[in-house]
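The sequence shown begins at 5 in this note's numbering and counts up by one.
Beta carbons: idealized from backbone N, C-alpha and C, even for Gly.
Input: a single structure, listed below in C-alpha cells.
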Amino acid sequence: MAYLALYRAWRPQRFADVVGQEHVRRTLQNALSEGRLAHAYLFSGPRGTGKTSLAKILAKAVNCERGPAPEPCNECDTCRQISEGRQLDVVEIDAASHRGVDEIRELRDKVKYAPTAVRYKVYIIDEVHMLTTEAFNALLKTLEEPPPHVLFILATTEPHKIPVTILSRCQRFDFARLSTRQIVERLQQIAASQGVEAVPEALQTIAHLADGGMRDALSLLDQVISFADGKVTEEEVLLVSGGIPRQDVVRFWQALSADGPQRLFELAQQWFEQGKEPAKVLEWLLDYGRWILLAKVSPELEEVQERLAYDPHLAELAETLPMDRTVAQMDLLRTAVQEMKWVEQPRIFLELTLLKMWRVAQQDAEATQADSAAQRVPPSEGDSPLAQLVQEVRQLRERVRQLESRLGDGSSMSGHSPVRVSSGGAVATGRKVGDSPNGALQRLLQESTPEWTRRVQERWEQVLRQVKQKRVFVHAWLVDGEVAAASREAVLLVFKTPIHRETTEKPANRQLIEAVMREVLGEPATFLTVMQAEWEQLQREGMDSAATKADNETAGQSPKPEDDPVVRKALEWFGDLVEIKRNRG
C-alpha cells in the first residue's frame, strides 16, 4: 500500500478527534441531537484548523446509517464511503478552480434531484471566497431556499471577501488558531505512534512554525521524521525549515550591547553561508524579541513559563535588556520585515537593519551614561521653576487680599462675572527643566505669545519626524508631549505620563531634540516640560487671582483692571484663556 502523509492518515474522523474548536463541535453536536440542523454553514478561519475535516464529519453524522447522531459510527457503508471520498451524494468542490457562473449553474440544476443512497446531499465548497460575483449571484437563491434534502457547507480563509448576502444566509463559525500546547500534545501522540523519539524543544519549534495550523505542523513533522535518524531534534527541525538556531539568535541579541557591530556582521555572514533567507532571519529575530518582551512584562504567562523551561538565556536577556531600547529595536525589525519583500538587495538591507539596531543600543547606552552623570550633581532644594511660580502666584493672591481689606466690603458684592477658561490649549511647564536656568519658566510665560505658539505648533510634526529619523526610541517618548506655549527662547511641552517626560529630559535625548529644533525652527531652540496635573493646578491659582482682582477693581469703580500689574500678568500667562467682565448691575 502506498504511503499516506501524516496529515491525511491522522485526519479527524469523529468530532472527538478534532483538536480545539470546542465551540464549533459543541454547537454542531447539539444541533444534531435536537434536530436543529441549518441548511447552510460557513466555516471560516486560518488554514489547517479543521474546517474541511469538520465538514466531512458533519456530512457523515447527518447521513450515518445509525443516525443522525452526535458522532458518526465510521463503521457503516455510508460513513466509510464518505471518509474515502466515494459517496457521490457528498460533493466537495474546489471554488478556486470551479469559480465561474457556469459551474454554479450546473450545481444549481443538480441540487433539485434527491440523493440516491443517503438522507442529505451535502455540498462542501472549499475556498468559497474565490467564486466570481456572477457565481455568487447564481448561488444566492438556491442557498436561501434549498430543497429539504440539501446541506451546504462553505469553507474559507477570507470571509471578508464573501458578499454579505451570502453571509446572512449561513450559520457562521469562526475557527481559531490552535495553541502551541494543543499542537505539541497532538505531535507527541503521533510521534509515539510512529515509533519516533521527539525532544520537546523540537516539537515546540514545529508548533511555532505551524502558526496555529495542525496540517502545517503534521507536514513538517512528516518531513523531519524522514530527515532524522530515529530521533527528532530542534537542530534537525531548523535545518529542514530554514530557521535560525536559538543559540545564534541569543548571540545576536547579546551582541547588540557590544562595543562594535563586528559580531553582528559575523553572524550575518554565517547565516548567508548556511543559505538562510534574509527575510526568515528578520522574522526569527523579531520573534525572539517578542519572547524577550513577554518575559520582561508578563513572566507569569503559561507560554512564557514553558519557554523558560528549555531556554535559560531568555530570562537573562529579559533582565538585562532595557525596555525602551528593545521596543525601538523591535520596531526597526517589524518595519524591515514589511519592507524586505520589496527590496532588490536583501543582504545589504539586512546588514543595514542590523547596524541600525546596534546604533539604537549605543545611543541608548550613551543617553543612560549621560543621565547618570547628570544625576550625580545633587539638585538644590526649592529650585523648581514650578515651585517658584506657584509661590509667586500665592504672593499675588496675598496682595489681592490686602487690597480687599482696604476696600472694605467691596469683595462681598454680588453679581461679579467669573473668569471663563476654555477647554482647549492648556499651557504646560514642568517641575524640572534639565539644565535651564532658574526663572526660565517665568520668563517663558511672560514672553509667550499666541503667534509664536502657533508657529511652533505648525512645525512640530516636522520636528517629530526628524527626531524619529535620528533616534526612533527618542521619538517614542517625545511624541507624548504637546506644544502648549512658545516664546522666542523656549517651548513648553505638557506630558501625560511621567516616564515619557523623564526619558525626554535625559541630557542626551534633550541634546538631540534641541539640535533638531534649531534645524527646523531656528528659534526657539530649547524646551521646558511639565505634567498636565501640575499645570492645571498653576492655571487655576493664576486665573483665580486674576478674577478676584478684576472683580475688586470693578466694585471700586477704579481704572480698568487690565491696567493693574496683577491682572496684566495673569493675562500674559494665560493669553486668551482669561476674559474679564465688569459688573453691570
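For the 8 Å CB-CB criterion, residue 97 and residue 76 do not form a contact. Here the alpha carbons of residue 119 and residue 70 stand approximately 18 Å from one another. Per DSSP, residue 155 is not a residue of any alpha helix (DSSP H); the beta strand (DSSP E) it occupies stretches across 154-160. Per DSSP, residue 176 is one residue of the beta strand (DSSP E) stretching across 175-178.
The distance from the Cβ of residue 530 to that of residue 506 is about 18 Å, inconsistent with a contact at the 8 Å cut-off. With distances taken between CA atoms, residue 325 lies nearest to 296 out of 296, 68, 345, 84.
Secondary structure at residue 314: helix, using DSSP grouped into helix, strand and coil.
Ranking 518, 477, 512 by CA distance to the CA of residue 497 puts 518 first. DSSP lists 129 as the bridge partner or partners of residue 97.
Rounded to the nearest whole angstrom, the CA to CA distance from residue 207 to residue 156 is 37 Å. With respect to residue 364, residue 329 sits close: the two C-beta atoms are nearer than 8 Å. Per DSSP, residue 22 is not a residue of any alpha helix (DSSP H), being assigned neither H nor E.
Contiguous beta strand (DSSP E) elements confined to the segment 36-60 occur at 44-48, taking only those with 3 or more residues. Closest option to residue 527, judged by alpha-carbon separation, among 124, 452, 165, 533: 452. Between residue 25 and residue 78, the C-beta spacing is not below 8 Å. Non-local beta-carbon contacts of residue 485 in its own chain, meaning distances under 6 Å to residues more than five positions away in sequence, involve 497, 499 in chain order. Residue 54 places its beta carbon less than 8 Å from that of residue 22. In the structure shown, residue 497 falls within a strand segment according to DSSP collapsed to helix, strand and coil. With a threshold of 16 other beta carbon atoms within 10 Å, residue 277 falls short and is exposed.
In the DSSP assignment, residue 467 falls outside any beta strand (DSSP E) and lies within the alpha helix (DSSP H) extending over 454-474. Straight through space, the alpha carbons of residue 19 and residue 58 are spaced by roughly 7 Å.
The three-state secondary structure of residue 73, taken from DSSP, is coil. Out of 177, 340, 95, 191, the CA that lies nearest to the CA of residue 29 is found in 177. Taking all protein chains shown into account, residue 169 has fewer than 16 neighbouring C-beta atoms within 10 Å of its C-beta and is therefore exposed.
By the beta-carbon neighbour count (other beta carbons within 10 angstroms, threshold 16), residue 140 is buried. Pairing residue 303 with residue 313, the inter-Cα distance amounts to about 12 Å. Of all C-beta pairs linking the segment 263-282 to the segment 219-238, fewer than three are shorter than 8 Å, placing the two stretches out of contact. Sequence-distant partners of residue 143 (beyond 5 residues in either direction) whose C-beta falls short of 8 Å from its own C-beta, in its chain, are 108, 111, 112, 135, 170.
DSSP, read as helix, strand or coil, puts residue 149 in coil. Rounded to whole angstroms, the Cβ separation of residue 56 and residue 128 is 7 Å, and the two are in contact under 8 Å.
Between the segment 184-194 and the segment 31-48, the count of Cβ pairs shorter than 8 Å is below three; the stretches do not touch.
Judged by their CB atoms, residue 463 and residue 520 are not nearer to each other than the 8 Å cut-off. Rounded to whole angstroms, the Cβ separation of residue 65 and residue 72 is 6 Å, and the two are in contact under 8 Å. Beyond the five residues adjoining it in sequence on each side, residue 15 comes within less than 7 Å, by CB distance, of 57 in the same chain, given in chain order.
Scanning the segment 259-304 from its first residue to its last, the whole alpha helix (DSSP H) runs of 4-plus residues come out as 266-277, 282-301.
Beta-bridge pairing by DSSP links residue 531 to 495.
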